[in-house]
Amino acid sequence: QQQVKQSPQSLIVQKGGISIINCAYENTAFDYFPWYQQFPGKGPALLIAIRPDVSEKKEGRFTISFNKSAKQFSLHIMDSQPGDSATYFCAASIMGNQFYFGTGTSLTVIP
Amino acid sequence: DTEVTQTPKHLVMGMTNKKSLKCEQHMGHRAMYWYKQKAKKPPELMFVYSYEKLSINESVPSRFSPECPNSSLLNLHLHALQPEDSALYLCASSQGQGALGNQPQHFGDGTRLSIL
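Note that the protein sequences, when read in sequence, are chains G and S. Positions 1 to 111 (our numbering) are the ones given, in order, by the first sequence. Positions 112 to 227 (our numbering) are the ones given, in order, by the second sequence.
See below:
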């Protein structure tokens, strides 16, 4: 049973465009929602995270939008660059006891 | 450079071998995790240690044996593995669970394990 559903599975964006990745969850007990970026041969690296009492968080070109009533959250990458090409995972946890990962999105940014 | 260090980076072993994976962090984190990751898949939780005690075992086969000698170190002992165990094994740490939760996990770059 997939606790966190992620879409799309893959995404191709032109340089300078906006990349949008969506995640949805069912368990309303989740209280922490991080996004991870993973390059080939590397471990996942924390990109940005949000708690459910906040509807939006922005760090540089990366923004999380959080819709508590819809149980959805999304990652927006503004001005996408070829260096952003990686696999992105959303995740959710309850009190840090266990992290549930989405299935991942492979992003390719075309120059 | 990641703050969680895993060794070795690559490991090739036969099905009858015994080997160990090592993980070290010096961030003062009290929760440490082992994950298994197959190509193009998300990390799959194996074990969680909280304050050096095993708190979660996700029904992992006994050929994988975790050990937490102290708050900075985490080992994964391997014995009689199968070819389907070939994967990237990731270690992660976080400040802690429960009241200290809601903190990010920090991952190492993993050990690429190949079983012949």
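Don't be surprised by glycine CBs; every beta carbon is placed ideally from N, CA and C. All figures in this text were calculated on a predicted structure; none of them were measured in a lab.
*Of all Cβ atoms in chain S, is any one closer than 9 Å to the Cβ of G:Ala-49?*
Here residue 49 of chain G refers to the residue found at position 49 of the first sequence. Residue contact with chain S for G:Ala-49: present (Cβ-Cβ distance below 9 Å to some residue of chain S).
*Along chain S, in chain order, which residues have C-beta atoms closer than 8 Å to that of G:Phe-89?*
Working through the first sequence from its first residue, we reach residue 89 of chain G at position 89. What G:Phe-89 touches in chain S: Pro-153 and Pro-154.
*Kindly indicate which three-state DSSP category S:Glu-102 falls into: helix, strand or coil?*
Because chain S in this structure spans residues 112 to 227, residue 102 of chain S falls outside the shown range and cannot be described.
_Amino acids of chain G, ordered along the chain, whose beta-carbon sits closer than 9 Å to that of S:Ala-198_ = Residue numbering aside, residue 198 of chain S sits at position 87 when the second sequence is read from its first letter. Under the 9 Å cutoff, chain G gives no residues; its nearest Cβ is about 13 Å from S:Ala-198.
_I'd like to know if S:Gln-214 contacts chain G, where contact means its C-beta is closer than 9 Å to some C-beta of that chain._
Locating residue 214 of chain S in the second sequence gives position 103, where the first residue counts as 1. Closer than 9 Å: yes.
*In terms of alpha-carbon separation, which member of G:Pro-44, G:Lys-71 and G:Leu-11 lies closest to G:Leu-107?*
Translated into the one-based positions of the first sequence, residue 107 of chain G becomes position 107. Of G:Pro-44, G:Lys-71 and G:Leu-11, the residue nearest in Cα terms is G:Leu-11.
_Within a Cβ cutoff of 6 Å, which residues of the same chain sit near G:Ser-80, ignoring the five residues on either side of it in sequence?_
Here residue 80 of chain G refers to the residue found at position 80 of the first sequence. These residues qualify, in order along the chain: Val-13, Gly-17, Ser-19 and Val-109.
*Would you kindly work out how many angstroms separate the C-alpha atoms of G:Ser-65 and G:Pro-111, rounded to a whole number?*
Here residue 65 of chain G is taken as the residue at index 65 of the first sequence, counted from 1. Here residue 111 of chain G is taken as the residue at index 111 of the first sequence, counted from 1. In a straight line, the C-alpha of G:Ser-65 is about 26 Å away from that of G:Pro-111.
*Could you name the residues of the stretch 160-187 of chain S whose beta carbon sits closer than 7 Å to any beta carbon of chain G, in the order they occur along the chain?*
Ile-167
*Candidates G:Ser-7, G:Gln-38 and G:Ile-77: closest to G:Gly-60 by CA position*: If you number the first sequence from 1, residue 60 of chain G lands on position 60. Considering only alpha carbons, the answer is G:Ile-77.
*Neighbourhood of G:Ala-24 by C-beta, 7 Å cutoff - its chain only, sequence neighbours within 5 removed*: The residue given as residue 24 of chain G occupies position 24 in the first sequence. The answer, listed in chain order, is Lys-5, Lys-71 and Gln-72.
_Rounded to whole angstroms, what is the Cα-Cα separation between S:Ser-205 and G:Asn-27?_
Residue 205 of chain S sits at position 94 when you count from the first residue of the second sequence. Residue 27 of chain G sits at position 27 when you count from the first residue of the first sequence. So the alpha carbons of these two residues sit roughly 22 Å apart.
*What separation, rounded to the nearest whole angstrom, lies between the Cα atoms of S:Thr-222 and G:Val-54?*
Position 111 of the second sequence, counting from 1, holds the residue named residue 222 of chain S. Position 54 of the first sequence, counting from 1, holds the residue named residue 54 of chain G. If I take the Cα positions, the gap works out to 36 Å.
*With a cut-off of 8 Å, do at least 3 Cβ pairs link the stretch 117-131 of chain S to the stretch 139-155 of chain S?*
no
_Using 9 Å as the threshold, is the C-beta distance between S:Met-126 and S:Ile-226 below it?_
To locate residue 126 of chain S, count along the second sequence from 1; it is residue 15. To locate residue 226 of chain S, count along the second sequence from 1; it is residue 115. Yes, the Cβ-Cβ distance between S:Met-126 and S:Ile-226 is below 9 Å.
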